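Heads up: the structure comes next, in structure tokens.
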Amino acid sequence: MTNKDKKLCPCGLTNSYSNCCGTFINNLRQALTPEELMRSRYTAYTMANIPYIKRTMRPPAANNFDATAARKWAKQVTWLKLEVIGTYQEGLTGFVKFKAHYLQKNKKCVLHEISEFHYNHGQWFYVDGKLL
């Protein structure tokens, strides 16, 4: 087990990475809820793991996704914390409202978004996000 696996997961829950988002990112199991997928995507961004980000999204979000720009941005910021404000699920559609706190060029920033997820072929996918 690596040090990364023993550390607390960046998603903010009190589990180790290997017992939390690492199970999704390493493709050991699928996220059961939109919140689990959203937390794992945040964790992937903290590691600049853009292949996971791409693997867990579908159109319309995937239509104009620039993996190179996403990787560059993810590596330029220092991720501070994830704050899940609320979740809502109705059938095969789910929403997660959150704030992702980070430093960019020594300036504190917050990405405040409502993310939309769809359940398709046995797993959840990120499909859209609205900045608040």
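Under numbering that gives the first Met the number 0, the residues of the sequence shown are numbered 0 to 131, in order.
Note that beta-carbon positions come from the ideal geometry of N, C-alpha and C, so glycine has one too.
Since the model is a prediction, treat every value here as computed from it, not as a measurement.
Of the choices the options, whose alpha-carbon is the least far from that of residue i?
i: K106; options: Y87, D127, L79; result: L79
i: L31; options: C108, H120, K129, Q103; result: H120
i: E112; options: I52, R54, G11, F97; result: F97
i: V126; options: V76, W72, K74, M37; result: M37
i: K104; options: F124, Y118, Q75; result: Q75
Taking the alpha helix (DSSP H) that residue i falls in, what are its first and last residues?
i: A43; result: 33-45
i: Q29; result: Where Q29 is concerned, there is no enclosing alpha helix (DSSP H), given that its DSSP letter is neither H nor E.
i: Y118; result: From DSSP, Y118 is part of no alpha helix (DSSP H) but of the beta strand (DSSP E) over 106-119.
Out of curiosity, what's the CA-to-CA distance linking residue i and residue j?
i: K6; j: L81; result: 16 Å
i: N2; j: V95; result: In this prediction, N2 scores a pLDDT of 49, lower than 50, which makes its location untrustworthy; the coordinate-derived value is nonetheless stated afterwards. Cα to Cα, the separation comes out at about 30 Å.
i: S114; j: P9; result: 18 Å
i: N18; j: R40; result: 15 Å
i: A47; j: G90; result: 31 Å
i: F23; j: N14; result: 13 Å
i: F116; j: T67; result: 23 Å
i: G85; j: L131; result: 14 Å
i: N25; j: N62; result: 24 Å
i: G11; j: P33; result: 16 Å
i: I52; j: Y44; result: 8 Å
i: M0; j: Q29; result: Caution applies to M0, whose pLDDT of 46 falls short of 50 and renders its modelled position unreliable; the value that the coordinates give is listed next. Rounded to whole angstroms, M0 to Q29 spans 21 Å at the Cα level.
i: A99; j: A73; result: 12 Å
What is the residue span of the beta strand (DSSP E) that residue i lies within?
i: A99; result: 92-103
i: K53; result: Here K53 belongs to no beta strand (DSSP E); instead the alpha helix (DSSP H) covers 49-54.
i: Y125; result: 122-130
Report the CB separation of residue i from residue j in whole angstroms; it is logged as a contact under 8 Å.
i: C20; j: T42; result: 4 Å
Exercise. What are the uninterrupted segments assigned as beta strand (DSSP E) that are 3 or more residues long and contained completely in the segment 60-89, given in chain order?
Worked result: The qualifying runs are 76-89.
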